[in-house]
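Numbering (mature numbering (1 follows the signal peptide of the UniProt record, and there is no 0)), first residue to last: -30 to -1, 1 to 339.
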């Protein structure tokens, strides 16, 4: 056999042998799917004789760090605010699980799968605080409900959910070990109240799922989530707007009117002594924009920069170990904005620092980034 031909045969034989021995390509490792289940926590609702329950999604990592994050969304939001199926990259639930934190994302009283009292007047701010407090206590102590208990419970809220958790921390020392309050301030701007009147309507008038509710249960018109100030247009993927609208829930006018604002909010928050991180979008219509309705965004003085924002929130939380963060480019609903993944990373980094050594400590104060 000629030398050149023999070399070619040997080369082909080697290639075929290598192909046969290597086998099929290794499969690409898929992102872990959260181990989640629906858990109903029994609660008593102040002023309502019948037993109630708050429903949430409990997700646990394969190897946990002993801490559970109690996720409490805001008005018109449900537990899925923290893990919207269509916006997986924004999910705080998935980001937390990857770092070893369990999560319990809650439908608050009068929302989603939780007890919706026959009268919206039963859904007061005090009732929200009481029922959420009962859930936080159960996470510490009720293995029958959750299958286990946690030594450390961190409250993470958004908007009205942040206000609810602030109430829990103020009234029941020790039930929460730390707080992350997003979309939180002493009082909303007058323009926010104007927008609520324009774009919040009785829930029974929107579709059929809320038929039979009284007019005190309201919702945001699904196609007006940007106009009412939930998100900041330039900081939002346009494809996300219909998703946000489709996931709108309900809230009680009575809760809105009974929640502490201004001096009352400050008096309550002064009792909070925990490590706390407050994060607000740079263009949060509730606290960081003072421009007239319909005018271009104009930051309020308290959101003009990180030092000014720290000073504003420190007046509200004078006795907390307070860290603050202005989320660049974001509106009110941070989890629904393009900034969400970066914000999630910041929250989890703050938690790692705060719980370095296993116990909450005052590790960071002032603006963080």
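Ideal Cβ placement from N, Cα and C applies to all residues, glycine included.
Which residue comes first and which comes last in the beta strand (DSSP E) that contains residue i?
{"i": "residue 110", "result": "Looking at the DSSP string, residue 110 is not in any beta strand (DSSP E); the run it does join, the alpha helix (DSSP H), is 95 to 111."}
{"i": "residue 87", "result": "Here residue 87 belongs to no beta strand (DSSP E), and DSSP marks it neither H nor E."}
{"i": "residue 25", "result": "22 to 30"}
{"i": "residue 68", "result": "Here residue 68 belongs to no beta strand (DSSP E); instead the alpha helix (DSSP H) covers 62 to 68."}
{"i": "residue 75", "result": "72 to 76"}
{"i": "residue 149", "result": "148 to 152"}
{"i": "residue 7", "result": "5 to 13"}
{"i": "residue 79", "result": "No beta strand (DSSP E) contains residue 79, which DSSP labels as neither H nor E."}
Looking only at its own chain, which residues have a Cβ that is under 6 angstroms from the Cβ of residue i, when we skip the five neighbours before and after it?
{"i": "residue 338", "result": "293, 295"}
{"i": "residue 256", "result": "158, 162, 302"}
{"i": "residue -9", "result": "Residue placement at residue -9 cannot be trusted, given a pLDDT of 40 that sits under 50; what the coordinates show is reported in the next sentence. None."}
{"i": "residue 322", "result": "none"}
{"i": "residue 63", "result": "29, 52, 53, 73"}
For residue i, report the span of its alpha helix (DSSP H) as first-last.
{"i": "residue 343", "result": "Examination of residue 343 is not possible in this model, given that the chain is present from -30 through 339 alone."}
{"i": "residue 162", "result": "160 to 169"}
{"i": "residue 137", "result": "130 to 141"}
Quick one: residues in its chain with C-beta nearer than 7 angstroms to the C-beta of residue i, no 5 flanking neighbours on either side, listed in chain order?
{"i": "residue 7", "result": "28"}
{"i": "residue 70", "result": "31, 33, 34, 35"}
{"i": "residue 223", "result": "90, 186, 188"}
{"i": "residue 211", "result": "195, 196"}
Contact defined as beta carbons within less than 8 angstroms: I believe residue i pairs with residue j. What is the distance between those atoms, to the nearest angstrom?
{"i": "residue 140", "j": "residue 236", "result": "About 11 angstroms; that fails the 8 angstroms criterion."}
{"i": "residue 153", "j": "residue 250", "result": "6 angstroms"}
{"i": "residue 15", "j": "residue 97", "result": "6 angstroms"}
{"i": "residue 297", "j": "residue 238", "result": "So it is not a contact: roughly 24 angstroms between Cβ atoms."}
Tell me which same chain residues have a C-beta within less than 8 angstroms of the C-beta of residue i, skipping the five on either side of it?
{"i": "residue 330", "result": "122, 147, 148, 244, 245, 324"}
{"i": "residue 135", "result": "40, 42, 102, 125, 126, 127, 146, 149, 151"}
{"i": "residue 263", "result": "161, 164, 165, 168"}
{"i": "residue 9", "result": "25, 26, 27, 28, 74, 115, 116"}
{"i": "residue 268", "result": "259, 260, 261"}
{"i": "residue 217", "result": "47, 48, 50, 51, 54"}
Looking only at C-alpha atoms, which of the options sits nearest to residue i?
{"i": "residue 247", "options": "179, 284, 85", "result": "284"}
{"i": "residue 93", "options": "279, 226, 258, 315", "result": "226"}
{"i": "residue 326", "options": "11, 37, 17", "result": "37"}
{"i": "residue 318", "options": "72, 190, 111, 11", "result": "72"}
{"i": "residue 231", "options": "180, 304, 130", "result": "130"}
{"i": "residue 58", "options": "332, 306, 315", "result": "306"}
{"i": "residue 309", "options": "119, 334, 201, 287", "result": "201"}
Original post:
Which full runs of the beta strand (DSSP E) of 3+ residues lie inside the stretch 183 to 252, going along the chain?
Top reply: Counting whole runs of 3 or more residues, the stretch 183 to 252 contains the beta strand (DSSP E) stretches 187 to 190, 245 to 251.
**OP:** Please list the segments of the alpha helix (DSSP H) lying wholly inside the stretch 258 to 339, counting only runs of 4 or more residues, in order along the chain.
**Re:** 276 to 286, 310 to 324
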